[in-house]
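Each residue of the sequence shown is one higher than the last, beginning at 1 in UniProt numbering. Working notes for the structure below.
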Amino acid sequence: MRTTESDVGASVAGHDGSVVGTVSAGDVEASGLGTSVSHASGSGTSDADASSTRVSDTRVSDTRVSGAKACSAGALAEGGFGVGGLVRSLRPGGRWGLGVWAGVIVGAFVVGEVMRRAGLATEDALPPLHAKARLLTWQMAPAVGYAVVAVGVLPVLVRVMPWRSLLAVSWGAAAGWAVALAVSDGPGALARPLDAPTEYPAGLAAIGGHPLRWLRTFTHDLNAYPTHVRGHPPLPTLLFWALDAVGLHGTLWAASLIIVAGASSAVAIAVTVRVLAGERVARRALPFLALSPLSLWIATSMDAFFLAVGAWGVAFLALRRPLTGGLLLGALPFLSYGLLPLLAVPSVVLWMTRPPVRFWLVMALGFAVVPTAFTLGGFWWPNGVHATLDTYLVSGGSARRSYSYFLVADLAVLGILTGPAIAYVLPSCIKRGVATRRELRTEPVLLLAAAAAVAVLSLDVAGVTKGEVERIWLPFAAWLLPMASVLRAPARGWLAAQAVTAILVQALVLSEW
1 MRTTESDVGA
11 SVAGHDGSVV
21 GTVSAGDVEA
31 SGLGTSVSHA
41 SGSGTSDADA
51 SSTRVSDTRV
61 SDTRVSGAKA
71 CSAGALAEGG
81 FGVGGLVRSL
91 RPGGRWGLGV
101 WAGVIVGAFV
111 VGEVMRRAGL
121 ATEDALPPLH
131 AKARLLTWQM
141 APAVGYAVVA
151 VGVLPVLVRV
161 MPWRSLLAVS
171 WGAAAGWAVA
181 LAVSDGPGAL
191 ARPLDAPTEY
201 PAGLAAIGGH
211 PLRWLRTFTH
221 DLNAYPTHVR
231 GHPPLPTLLF
241 WALDAVGLHG
251 TLWAASLIIV
261 AGASSAVAIA
271 VTVRVLAGER
281 VARRALPFLA
291 LSPLSLWIAT
301 SMDAFFLAVG
311 AWGVAFLALR
321 RPLTGGLLLG
331 ALPFLSYGLL
341 PLLAVPSVVL
351 WMTRPPVRFW
361 LVMALGFAVV
371 PTAFTLGGFW
381 WPNGVHATLD
391 TYLVSGGSAR
401 RSYSYFLVAD
411 LAVLGILTGP
421 AIAYVLPSCI
431 KRGVATRREL
441 RTEPVLLLAA
451 AAAVAVLSLD
461 VAGVTKGEVE
471 RIWLPFAAWL
481 LPMASVLRAP
491 ARGWLAAQAV
501 TAILVQALVL
511 SEW
């Protein structure tokens with residue numbers, strides 16, 4: 001049953017008791033509240049789809065609707081008419097979120113600099129980032145021009161374009177944004193991160209023409225490989241080898257694949273949100289997925305490829321493609337050991353959609369493909385984890401970083417990746433999540449974000465991700481961006497704030513990626 005106008009007609013009260021606006025059925029749908037799980041049209045469902053169950057619809061009463069916009073009560077006041085309107089309409093909860101966001105980020109850099117000068121944080125030149133300080137001015141012109149056009153055009157396209165066309169445009173916009181930011185360091189900046197002696201391509205000579213022999217001895221010879229080869233399972237290096245083997249020589253081809261794949265995650269996440277929360281919510285999220293600060297590390301970090309694999313794995317599960325979804329998700333632990341907690345995100349999809357037994361069996365079959373192939377090829381994943389940990393502890397570097405500092409500083413970097421818009425809506429979203437904890441299926445966007453946040457916190461507390469998280473957090477941070485869908489469309493002011501954040505970071509920080 002779909003909530004209709006007759007079901008919903010309450011007013012949303014502001015923090016001072018004044019009426020912010022009337023909540024219509026469209027508003028409830030747009031906020032992702034009280035929606036049911038539906039399948040994307042034209043997706044070509046399998047036999048398992050026919051017997052799949054939908055999440056029970058929740059009828060929204062007038063009493064509940066008065067709080068239905070709690071996740072966006074402050075955000076809704078932002079009429080989307082520019083930065084001036086944005087500033088004038090800031091609500092207390094949002095101001096608190098922005099204050100904490102800015103304070104934690106500034107504090108992380110200040111404390112990091114103090115520690116660096118005291119000789120307590122010598123592994124990074126600009127902690128908490130693995131980067132150096134710099135200043136770009138006119139070089140940022142392409143990114144500024146791109147942002148101006150995107151902020152003006154994307155909210156319009158969201159309203160008028162057919163869904164599939166909008167996905168294609170958003171994919172291109174996300175890729176273009178990543179490239180526009182990166183080329184401020186010159187065209188060579190797209191592939192330059194992969195040319196570093198610590199990166200995967202530097203280890204290809206060890207494979208030669210014998211990938212299976214290399215795989216069998218991977219754990220034994222781990223200490224002889226470059227940093228990123230040592231710190232990851234063998235699959236990323238084998239992907240670079242495969243590109244070279246089919247004639248796509250050089251890191252520019254690899255960089256192109258990474259950027260295109262990483263940008264496609266905006267589409268994958270939007271598809272997932274559409275299935276779980278409805279098309280209006282997905283449309284509102286798309287501009288923030290395409291024009292996010294985390295795009296800084298889409299071009300070019302291999303973790304952007306990891307983001308794409310995880311996002312599409314989740315999307316295929318949502319679209320009732322258990323074999324493909326399982327295959328992609330099963331590859332995650334063989335791309336990076338730290339991606340195992342990311343499986344919390346597809347768990348939300350499975351919990352919300354309650355698929356039948358056949359779906360689970362097919363998904364398990366797909367999930368087992370990559371682990372089985374690597375095991376038969378001679379690589380035992382637990383041994384890889386153990387060997388990588390030993391190498392990590394012996395080599396120093398990251399292992400010498402302060403646990404207590406990066407416990408907080410890594411979360412500051414997460415804030416940089418997600419931007420001020422997410423900081424603004426986060427307090428009210430948390431409040432809404434607590435208020436509806438007994439009816440969590442009515443909050444799909446919040447559940448996806450919460451799952452990603454729990455995954456980040458588990459890695460952060462474990463201490464295995466001290467530093468360099470500007471790239472490591474990519475597969476997780478992107479799932480927080482759809483929370484911006486609660487902002488009142490077209491939300492140009494907040495979209496501009498996201499773009500300005502990315503431009504400032506690019507202008508002031510020289511990252512290795």
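The C-beta atom is built at its ideal place from N, Cα and C for all residues, glycine as well.
Check, Outcome
"Is residue 243 near residue 254, with beta carbons less than 8 Å apart?", "yes"
"Comparing C-alpha positions only, which one of 154, 180, 179 and 455 sits nearest to residue 514?", "Residue 514 is absent from the structure shown; the chain starts at 1 and stops at 513."
"Could you check where the alpha helix (DSSP H) with residue 431 kicks off and where it finishes?", "420-435"
"Rounded to the nearest angstrom, how far is the Cβ of residue 262 from that of residue 308, given a contact under 8 Å?", "5 Å"
"My assumption, with CB atoms under 8 Å, is that residue 477 sits in contact with residue 294. Please give the rounded CB distance.", "5 Å"
"Hey, how far is the Cα of residue 361 from the Cα of residue 417?", "36 Å"
"Compute the distance between the beta-carbons of residue 425 and residue 486, then report whether it is under 8 Å.", "yes"
"For residue 130, does the count of other Cβ atoms within 10 angstroms reach 16, so buried, or fall short, so exposed?", "buried"
"For residue 185, is the beta carbon positioned less than 7 Å from some heavy atom of the ligand FAD?", "By its list of ligands, the structure shown contains no ligand whatsoever, and the ligand FAD lies outside what it can speak to."
"Along the beta strand (DSSP E) that carries residue 509, what are the first and last residues, could you check?", "509-511"
"Per the DSSP calculation, residue 132 is bridged to which residue(s)?", "510"
"Does the beta-carbon of residue 480 have 16 or more other beta-carbons within 10 angstroms, so that it is buried, or is it exposed?", "buried"
"Out of curiosity, what's the CA-to-CA distance linking residue 312 and residue 475?", "11 Å"
"What is the rounded straight-line gap between the Cα of residue 275 and the Cα of residue 428?", "24 Å"
"For residue 445 versus residue 273, is the C-beta distance shorter than 8 Å?", "yes"
"Considering only C-alpha positions, which residue in the set 468, 443, 175 and 133 is nearest to residue 401?", "468"
"Assign residue 495 to one of three DSSP states: helix, strand, or coil.", "helix"
"Please name the residue, chosen from 491, 174, 374 and 463, that lies closest to residue 537 on a Cα-to-Cα basis.", "Any answer about residue 537 is impossible in this case: the structure gives the chain only from 1 up to 513."
"Excluding five sequence neighbours on each side, which residues of the same chain lie with their C-beta closer than 8 Å to the C-beta of residue 461?", "407"
"Could you check whether residue 204 and residue 241 sit closer than 8 Å to each other, using their CB atoms as the reference points?", "yes"
"With distances taken from CA atoms, which of 464, 127 and 149 is nearest residue 232?", "464"
"Kindly identify the DSSP beta-bridge partner or partners of residue 126.", "129"
"Pick from 378, 483 and 403: whose alpha carbon is nearest that of residue 212?", "378"
"In whole angstroms, what is the alpha-carbon distance linking residue 103 and residue 257?", "36 Å"
"With DSSP as the reference, label residue 208 as helix, strand or coil.", "coil"
"What span of residues does the alpha helix (DSSP H) with residue 298 cover, start to end?", "Element bounds for residue 298: n/a, residue is neither H nor E."
"With H, G and I counted as helix, E and B as strand and the rest as coil, what does DSSP make of residue 184?", "helix"
"Is DSSP giving residue 88 helix, strand or coil here?", "Note that residue 88 scores a pLDDT of 48, beneath 50, so its modelled location is shaky; the value from the coordinates is reported in the next line. In the structure shown, residue 88 sits in a helix (DSSP, three-state: H, G or I)."
"With a Cβ-Cβ cutoff of 8 Å, do residue 337 and residue 388 count as a contact?", "yes"
"Rank 470, 334 and 145 by C-alpha distance to the C-alpha of residue 236 and give the top, closest one.", "334"
"Could you give the residue range of the alpha helix (DSSP H) that holds residue 256?", "251-277"
"Three-state secondary structure (DSSP) at residue 353?", "helix"
"According to DSSP, is residue 161 part of a helix, a strand, or is it coil?", "coil"
"Please confirm whether residue 135 and residue 499 have their CB atoms less than 8 Å apart.", "no"
"Exposed or buried, which one is residue 221 when buried takes at least 16 other CB atoms within 10 Å?", "exposed"
"Taking the alpha-carbon of residue 332 as reference, which of 346, 278 and 321 has the nearest alpha-carbon?", "346"
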